[in-house]
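Reviewing the structure listed below.
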Ligand code: 3SL
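Residue numbers (the working numbering): 2 to 234.
Next comes the structure, spelled out in structure tokens:
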């Protein structure tokens with residue numbers, strides 16, 4: 002039986018050997034939800050960066066620069082980190098350079114994996130099917146917030162573990178904890194997450210609609226995958 006594990010924070014990545022695993026990076030609010038939305042609307046590629054400065058230099062190479070720090074669009078960047086900025090005909094064919102507080106950091110830390118794919122509730126079942134048919138053991142890497150655990154990424158991990166429970170065995174207790182949490186939350190995830198730290202943070206920035214959108218399940222069927230450091234659909 003293949004196995005599944007959950008890394009609850011990128012700070013715990015040193016505990017995991019990923020060279021033979023498929024890693025699913027998740028940052029529900031909002032980086033990986035933006036990436037999935039962007040590919041669903043036809044962007045050509047997204048190059049993730051951990052550092053702002055490096056990301057910004059891509060502007061001179063014809064890239065659209067996207068970025069946030071602490072939830073706010075970065076000065077000098079073309080786009081921020083709202084999924085609504087990645088919809089419609091104007092994003093079709095774009096090459097995007099992207100940096101975020103946690104999501105792109107988690108991608109950076111996952112680069113030693115056999116393969117890296119991008120997950121969100123928006124493409125949940127596409128991710129599940131891919132993991133089911135694939136031959137690798139799985140690690141879900143939750144982006145969290147500045148090294149700390151968050152609820153929304155843990156819930157996504159739990160949803161994957163729940164849906165694959167008959168096919169992938171847990172490697173330790175983190176997948177079990179995530180699964181129990183998801184089962185407790187799934188009837189009303191909006192309510193369950195209402196007191197979570199990042200939802201409060203987004204509310205302070207007046208971006209509650211992003212939160213509700215990012216909890217939409219299976220709106221898109223795209224599967225962003227990292228190839229030579231670049232995400233493609
Ligand atoms: O940390 C990240 O990667 C972002 O998704 C955070 S925020 O939702 O833009 O604040």
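For glycine and all other residues, C-beta sits at the position ideal for the given N, C-alpha and C.
Item checked: Extent of the continuous beta strand (DSSP E) to which residue 23 belongs -> 22–27
Check: Can you tell which of 69, 85 and 84 has its C-alpha closest to the C-alpha of residue 78?
Finding: 69
Next item on the list: Would you mind giving the Cβ-Cβ distance between residue 128 and residue 25, rounded to the nearest angstrom? I have them listed as a contact below 8 Å.
Entry: 6 Å
Notebook entry, point to check: When the distance is taken between beta carbons, is residue 35 closer than 8 Å to residue 143?
Noted result: no
Notebook entry, point to check: Hey, how far is the Cα of residue 206 from the Cα of residue 11?
Noted result: 25 Å
Checklist line | Cβ-based neighbour list, residue 1, same chain, cut-off 8 Å, excluding 5 preceding and 5 following | finding: Summary: the structure shown does not reach residue 1, with the chain confined to residues 2 through 234, and so no result is reported for it.
Checklist line | Helix, strand or coil at residue 115 according to DSSP, with G and I counted as helix | finding: coil
Next item on the list: With a threshold of 7 Å, establish whether the CB of residue 53 neighbours any heavy atom of the ligand 3SL.
Entry: no
Margin query: To test your reading of the DSSP string, which unbroken beta strand (DSSP E) runs of 3 or more residues are found completely within the stretch 89–149?
Written below: 96–100, 116–120 and 138–143
Note to self: Please return the same chain residues whose Cβ sits closer than 7 Å to the Cβ of residue 179, not counting the five positions on each side in sequence.
What the structure shows: 7, 155, 158, 159 and 162
Notebook entry, point to check: Got a sec: does the ligand 3SL put a non-hydrogen atom nearer than 7 Å to the Cβ of residue 155?
Noted result: no
Notebook entry, point to check: If you run the structure through DSSP and keep just helix, strand and coil, what is residue 166?
Noted result: coil
Margin query: Using a strict less-than 5 Å threshold between each residue's beta carbon and the heavy atoms of the ligand 3SL, what residues do you get?
Written below: 28, 30, 31, 32, 69, 72, 82, 101, 102, 103 and 104
Checklist line | Coarse secondary structure for residue 44, derived from DSSP in three states | finding: coil
Item checked: Three-state class that DSSP yields for residue 31 in the structure shown -> coil
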